[in-house]
Every structure is written in structure tokens, then in C-alpha cells.
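**Student:** Got a structure for you, questions after.
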Amino acid sequence: MGTLMVQAGTVASDADVETLRQIRNSGRQWMTRSTAEISPEQQAAWWTQRNARTCRVWLFRIADTAVGYGLLRLEHARWWCSLAVLPRFQGQGYGRAIYTYLACACDGDTWAEILADNRPSIRACLGAGFDLHAVLDQHALLVYRRNA
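Residue numbers (UniProt numbering): 1 to 148.
Right, here's the structure in full:
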């Protein structure tokens with residue numbers, strides 16, 4: 001597959017925060033922590049309270065069209081990544097491109113927790129250079145080692 005022309009951009013406006021919420025909700029069934037739908041008010045409150053040093057977020061676009069988001073959060077001295085790709089763009093390599101971006105966006109190892117039955121996301125993560133670390137219950141843990 002050739003290089004995708006997807007661009008990462010910071011979440012800079014209320015409209016971006018809402019786009020982020022819509023993308024997240026479109027893939028909420030695959031989230032590992034909460035699959036509940038997030039309301040605009042809940043999203044705005046989360047955005048206002050988030051610590052930008054320990055929770056970094058990007059929207060990924062083709063021209064002006066959002067295709068997905070990527071998030072890095074520092075938790076227990078590890079960078080954890082999370083992402084979602086809008087259903088109409090899934091299966092086209094965008095997940096892999098976002099995982100690759102996230103792996104390079106922090107200064108240490110990058111970890112991913114993915115539902116074990118979410119094979120497309122696991123394949124995308126492995127394709128971005130992550131290695132399978134463990135499978136626990138229904139979750140797969142993958143890691144991208146910066147100094148491997």
C-alpha cells in the first residue's frame with residue numbers, strides 16, 4: 001500500500017472537540033474502558049479538565065474531511081494510545097497510519113490495549129511496528145519499543 005495522505009492536526013476549536021466526540025462514539029463498541037455514548041456536555045467537560053501534558057489528542061484528516069482521531073495518555077509512567085477511525089474509512093490503512101503517528105509522537109515506549117476480538121485494530125497496530133506483549137482476558141496488550 002502506498003503512503004496515505006492523511007494529516008494530523010491538533011484539536012483547536014469547539015468544532016474539533018465535537019468532531020472528536022462523534023468519531024469516538026462511532027467506534028465506542030471497540031473501546032476498552034467505556035462503551036457508553038458520550039454527550040456533547042460530557043465531551044466539553046472532559047476537554048476542559050484534561051491535562052494537555054499527559055493527554056495529547058489529534059484529529060486525522062484527508063483535506064478537510066476527518067477520518068479518525070488519535071490520543072496518547074500518560075498513565076502509570078507509560079504512554080497509552082487510543083484511536084478510532086470512522087466506519088466509512090475503516091479497512092483502508094488509516095488505523096495503521098494513526099498508530100504509526102502515535103508511536104512516534106512520544107518520547108518513550110507506546111502501549112496499546114485492544115479488545116482481543118478486534119482483529120482489524122490488532123493487525124493495524126502490528127503493521128505499525130508494535131509487538132504483542134500479552135493477551136489478558138479479552139484484551140491484547142501491544143507495545144512499540146522506541147529503543148528496540
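Beta carbons: idealized from backbone N, C-alpha and C, even for Gly. Bear in mind that the values here come from a model prediction, so they are computed numbers and not experimental data.
Use the C-beta contact count for MET1: other C-beta atoms within 10 angstroms, 16 or more gives buried, fewer gives exposed.
**Tutor:** Summary for MET1: the model assigns pLDDT 43, below 50, so the residue's position carries little reliability; its value from the coordinates is reported in the next sentence. Under this definition MET1 is an exposed residue.
**Student:** Could you give the C-beta distance for ALA124 and ARG96, rounded to a whole number, given that I count them as a contact under 8 Å?
**Tutor:** 4 Å
**Student:** Spatial neighbours of LEU141 within its chain, please: C-beta separation below 7 Å, excluding the five flanking residues on both sides.
**Tutor:** TRP111, GLU113, HIS133, ALA134
**Student:** If you reduce the DSSP assignment to three classes, tell me which class ILE23 lands in.
**Tutor:** helix
**Student:** Buried or exposed for LEU136, going by 16 or more other Cβ atoms inside 10 Å?
**Tutor:** exposed
**Student:** For CYS106 and TRP79, what's the separation of their Cα atoms in angstroms?
**Tutor:** 7 Å
**Student:** Would you call CYS81 buried or exposed, if buried means 16 or more other Cβ atoms sit within 10 Å of its Cβ?
**Tutor:** buried
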